[in-house]
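Report on the structure given below.
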Amino acid sequence: MHGQPFSDDNYQFEPLVTKTEDVTYLAEGNANVVFTINRSLEPPMVLRVRKAGDSTYPSYVLMDFYEHEVKRMFACHQILPLKLMEMTRAIIQNLNVVISKAEAEGIRPEKRHGTYIDPHESTAIVLPDMRARGDKESMIEFKPKWLLQSPSAPQGSLRCRTCALREMRASDDRKQGKNEKQPSNRPTAFCPFDLLASNIEVLKSVAVAVGAPNDKIDQFANALKNNQTIQRLRKVQELRNNVGLHHIRKHDDMSLSMSIRDCTIFIKITESTDGPLIQSVLADMDMKKLDGEHFLKWEKTESRLISEGWYQGTEGDGQSDKHPCNLDLGSVKAVQE
Numbered sequence: 001m002h003g004q005p006f007s008d009d010n011y012q013f014e015p016l017v018t019k020t021e022d023v024t025y026l027a028e029g030n031a032n033v034v035f036t037i038n039r040s041l042e043p044p045m046v047l048r049v050r051k052a053g054d055s056t057y058p059s060y061v062l063m064d065f066y067e068h069e070v071k072r073m074f075a076c077h078q079i080l081p082l083k084l085m086e087m088t089r090a091i092i093q094n095l096n097v098v099i100s101k102a103e104a105e106g107i108r109p110e111k112r113h114g115t116y117i118d119p120h121e122s123t124a125i126v127l128p129d130m131r132a133r134g135d136k137e138s139m140i141e142f143k144p145k146w147l148l149q150s151p152s153a154p155q156g157s158l159r160c161r162t163c164a165l166r167e168m169r170a171s172d173d174r175k176q177g178k179n180e181k182q183p184s185n186r187p188t189a190f191c192p193f194d195l196l197a198s199n200i201e202v203l204k205s206v207a208v209a210v211g212a213p214n215d216k217i218d219q220f221a222n223a224l225k226n227n228q229t230i231q232r233l234r235k236v237q238e239l240r241n242n243v244g245l246h247h248i249r250k251h252d253d254m255s256l257s258m259s260i261r262d263c264t265i266f267i268k269i270t271e272s273t274d275g276p277l278i279q280s281v282l283a284d285m286d287m288k289k290l291d292g293e294h295f296l297k298w299e300k301t302e303s304r305l306i307s308e309g310w311y312q313g314t315e316g317d318g319q320s321d322k323h324p325c326n327l328d329l330g331s332v333k334a335v336q337e
């Protein structure tokens with residue numbers, strides 16, 4: 001990492017957590033816990049704290065990655081701004097009390113029980129709360145995933161990398177006897193290349209799939225059409241396309257290449273007297289831990305996608321979804337900056 005000092009703009013100097021009432025448990029993943037900050041802040045903010053363990057890097061390392069790798073690839077309005085907050089044992093103790101309370105009240109998922117924040121954690125990240133507030137705001141969030149085909153995909157592939165992986169995992173679940181999700185009148189999956197479509201009906205189907213409110217489907221479809229943040233993400237993926245089998249273990253910058261293929265986009269629409277205001281920002285572009293175990297897992301997955309025919313639709317699984325992947329939309333040449 002660069003190890004360069006951050007500017008004052010990168011720090012949250014005011015202590016935002018002095019008592020347990022200052023935060024509410026919001027959500028968590030494998031590596032981090034997210035808390036709502038119960039203060040009158042504009043914009044409203046959340047606190048993201050690393051859990052004990054080594055599944056991700058400390059927040060100050062992620063902040064360095066954000067400052068020196070992510071920010072130089074995108075316009076400032078296309079990425080969620082982050083600030084670093086110093087932690088104390090007292091703050092961490094309060095946060096762990098809030099987590100324990102969420103467990104006791106059944107709010108915290110059972111599979112997350114028993115993991116807390118290390119009392120020696122030195123920093124956390126403060127970022128805007130992108131949730132819709134009031135009846136004038138609506139928001140969708142989703143992972144755009146791979147907006148380019150994998151460099152390893154065979155010639156003549158019928159599926160993009162994301163669609164191929166989705167079908168392979170679904171097949172694995174069936175073989176293991178896992179129950180598939182109950183049918184719904186709303187599709188839950190889409191091809192990433194749908195995001196490059198000019199056909200508004202295709203974009204409406206994406207809006208439905210990612211959970212847009214029924215009365216906002218048309219608005220979100222139009223927000224997706226020629227979306228400059230998505231177009232820029234695709235361009236950055238094109239610039240950082242060292243993600244094929246022949247690239248494994250050969251490039252030090254694969255972390256950014258993987259991060260931009262696993263990030264989240266928030267699209268928020270705010271109604272105003274001048275018409276709808278649209279905000280499209282990327283988040284969760286954290287530095288990936290790419291040790292030998294992660295490389296081996298990724299290499300095995302990519303090799304299976306190729307050798308078992310998931311890219312080419314020749315996998316021989318009679319239950320696989322044979323709907324056409326919109327891979328051909330990936331040939332779009334006009335990618336706006």
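Per the UniProt record's numbering, the sequence shown runs over residues 1 to 337. For each residue, glycine too, the CB sits at the ideal point set by N, CA and C.
By the Cβ neighbour-count rule, F220 is buried, with 16 or more other Cβ atoms within 10 Å of its own.
Pairing V46 with T36 gives a Cβ-Cβ distance under 7 Å. Looking from the CA of D22, the closest CA among D291, V97, A283, I107 belongs to V97.
Shown here, V202 sits in a helix according to DSSP, grouped into three states. With respect to R166, W146 sits apart: the two C-beta atoms are not nearer than 7 Å. Scanning its chain for C-beta atoms nearer than 7 Å, with the 5 sequence neighbours on each side dropped, one finds around S59 the residues R50, L84, T123, A124, I125, in chain order. In this structure, E302 sits near S152, with a CB-CB distance shorter than 7 Å. Put simply, the stretch 229-240 does not touch the stretch 283-300. Fewer than three CB pairs are less than 8 Å apart. Under DSSP, T36 shares a beta bridge with T24, V46. Under a 10 Å Cβ-count criterion, Q78 is classified as buried, with 16 or more other Cβ atoms of the shown protein chains found around its own Cβ. Separation of K204 and A90 (C-alpha to C-alpha, rounded to the nearest whole angstrom) is 48 Å. Your pair M254 and N242 checks out as a contact, with CB atoms roughly 6 Å apart and the cut at 8 Å.
Secondary structure of A90 (DSSP, three-state): helix.
Secondary structure within the stretch 65-152: the beta strand (DSSP E) runs of 3 or more consecutive residues, fully enclosed, are 83-86, 123-128, 137-142 (chain order).
By the criterion of a C-beta distance shorter than 6 Å, L245 is surrounded in its chain by S152, E302, once the five residues flanking it on both sides are discounted. DSSP lists T264 as the bridge partner or partners of A283. Setting aside the 5 residues that flank it on each side, T115 is surrounded in the same chain by K51, each with a C-beta closer than 6 Å to its C-beta; the list follows chain order. In the DSSP assignment, A170 falls within the alpha helix (DSSP H) that extends over 161-175. Contact between R232 and F74 holds, since their C-beta atoms are separated by about 6 Å, short of 8 Å. Just measuring C-alpha positions, the residue of D284, T270, E271 sitting nearest M258 is D284. Membership of E14 in any alpha helix (DSSP H) is not indicated, and neither H nor E is assigned to it by DSSP.
Closest in C-alpha terms to K71, from the list L282, N326, D328, comes L282. The beta carbons of K297 and M139 sit no closer together than 7 Å. Listed in chain order, the non-local C-beta contacts of G309 below 8 Å within the same chain comprise E315, G316, local neighbours out to five positions each way being set aside.
For D218, the uninterrupted alpha helix (DSSP H) segment begins and ends at 217-224.
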